[in-house]
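All the letters of the sequence shown, read from the start, carry residue numbers 144 to 370 under the working numbering.
Ideal Cβ placement from N, Cα and C applies to all residues, glycine included.
Source: prediction; values computed, not measured.
Here's the structure, in structure tokens; my notes come after.
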Amino acid sequence: MNDPVLQLQGLFKSYGAGSPAEIRVLQDLDLDVGKGEAVALVAPSGAGKSTLLHIAGLLDVADRGEVRIGGVDLTGKSDRARTAARRRDIGFVYQFHHLLPEFSALENIVLPQLANGIAERQARERALQLLERVGIAARADHRPAALSGGEQQRVAFCRALANAPRLLLADEPTGNLDPATSDQVFDTMMALVADTGLAAVIATHNLELAARMDRVLRLENGRLIEI
Ligand code: ADP
Numbered sequence: 144m145n146d147p148v149l150q151l152q153g154l155f156k157s158y159g160a161g162s163p164a165e166i167r168v169l170q171d172l173d174l175d176v177g178k179g180e181a182v183a184l185v186a187p188s189g190a191g192k193s194t195l196l197h198i199a200g201l202l203d204v205a206d207r208g209e210v211r212i213g214g215v216d217l218t219g220k221s222d223r224a225r226t227a228a229r230r231r232d233i234g235f236v237y238q239f240h241h242l243l244p245e246f247s248a249l250e251n252i253v254l255p256q257l258a259n260g261i262a263e264r265q266a267r268e269r270a271l272q273l274l275e276r277v278g279i280a281a282r283a284d285h286r287p288a289a290l291s292g293g294e295q296q297r298v299a300f301c302r303a304l305a306n307a308p309r310l311l312l313a314d315e316p317t318g319n320l321d322p323a324t325s326d327q328v329f330d331t332m333m334a335l336v337a338d339t340g341l342a343a344v345i346a347t348h349n350l351e352l353a354a355r356m357d358r359v360l361r362l363e364n365g366r367l368i369e370i
């Protein structure tokens with residue numbers, strides 16, 4: 144693959160190893176996602192998609208197997224190195240926006256940049272550009288509670304992209320929205336992927352949305368099957 148961003152190779156993960164109740168969640172799982180590629184991850188609840196996203200996002204470690212981000216092997220690296228790679232290279236979006244309620248939309252996008260050493264003026268400029276890009280610059284000064292569900296998720300995407308990551312990981316990002324809003328937020332997300340050359344892995348139960356991504360993968364028996 145040209146320009147691989149996320150490479151997972153031979154991942155194994157189980158819970159309760161050695162006990163009769165052992166659950167084998169990932170079993171020799173491989174995945175490559177390239178620059179500008181959006182991959183849908185579909186799986187029934189309990190199949191292990193959160194486990195997979197957490198390992199790919201360097202929030203959890205596999206029992207065995209390799210995780211490379213941007214060609215860098217992060218397997219077995221220190222927590223510090225993994226945290227640095229996560230901050231620099233990975234953006235997350237969840238089903239619920241998890242925005243900080245006491246800060247405005249703009250500030251929610253500024254804060255992760257400040258934590259990354261960006262000067263405030265520059266961070267505010269970038270935050271505003273991102274809000275413009277997703278069509279809600281007029282809502283920049285509103286707190287999350289004053290935004291609609293679709294607007295909150297747009298802000299959550301902007302926050303995920305605040306530090307210009309290479310990889311976007313999203314766990315049911317439109318799962319809490321009505322179908323029409325879900326469609327619009329999804330279009331916005333796909334436009335961002337196309338614009339920025341991000342690699343994206345998006346878990347969704349919505350097969351219609353999944354079919355609009357570059358590839359659809361089903362997590363089954365601990366491995367990914369292309370459908
Ligand atoms: P999904 O996101 O697809 O619903 P998860 O990755 O959350 O699935 O979980 C996959 C399986 O692993 C489930 O059977 C779940 O109960 C189990 N599991 C997840 N995390 C843990 C844990 N920390 N300890 C024990 N079992 C877990």
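Looking at residue i and the ligand ADP, is the gap between the Cβ and the nearest heavy atom below 7 Å?
i       : result
Tyr-158 : yes
Ile-345 : no
Val-210 : no
Ser-193 : yes
Val-359 : no
Gly-189 : yes
Could you tell me which residues DSSP pairs with residue i in its beta bridges?
i       : result
Asp-222 : Beta-bridge pairing links Asp-222 to no other residue.
Gly-177 : Pro-147
Leu-154 : Leu-172
Ala-313 : Val-236, Ile-345
Ala-183 : Ile-345, Val-359
Glu-351 : According to DSSP, which records beta bridges pairwise, Glu-351 is partnered with nothing at all.
What separation, rounded to the nearest whole angstrom, lies between the Cα atoms of residue i and residue j?
i       : j       : result
Arg-229 : Ala-281 : 30 Å
Glu-268 : Ala-248 : 13 Å
Met-356 : Gln-272 : 25 Å
Pro-287 : Glu-275 : 17 Å
Ser-221 : Lys-192 : 24 Å
Pro-147 : Leu-360 : 17 Å
Evaluate residue i with the Cβ neighbour count: other Cβ atoms within 10 Å of its Cβ, from every protein chain shown; 16 or more gives buried, anything less gives exposed.
i       : result
Leu-367 : buried
Would you call the region 171-185 in contact with the region 230-248, where contact means no fewer than 3 C-beta pairs closer than 8 Å? no
Would you check if the region 234-248 and the region 309-317 touch, i.e. whether three or more CB-CB distances between them fall below 8 Å? yes
With a threshold of 8 Å, are at least 3 pairs of Cβ atoms found where one atom belongs to the region 155-172 and the other to the region 324-344? no
Evaluate the contact criterion for the region 248-259 versus the region 277-295: three or more CB pairs, one atom per stretch, below 8 Å. yes
Are the region 339-352 and the region 259-268 in contact at 8 Å, needing three or more beta carbon pairs? no
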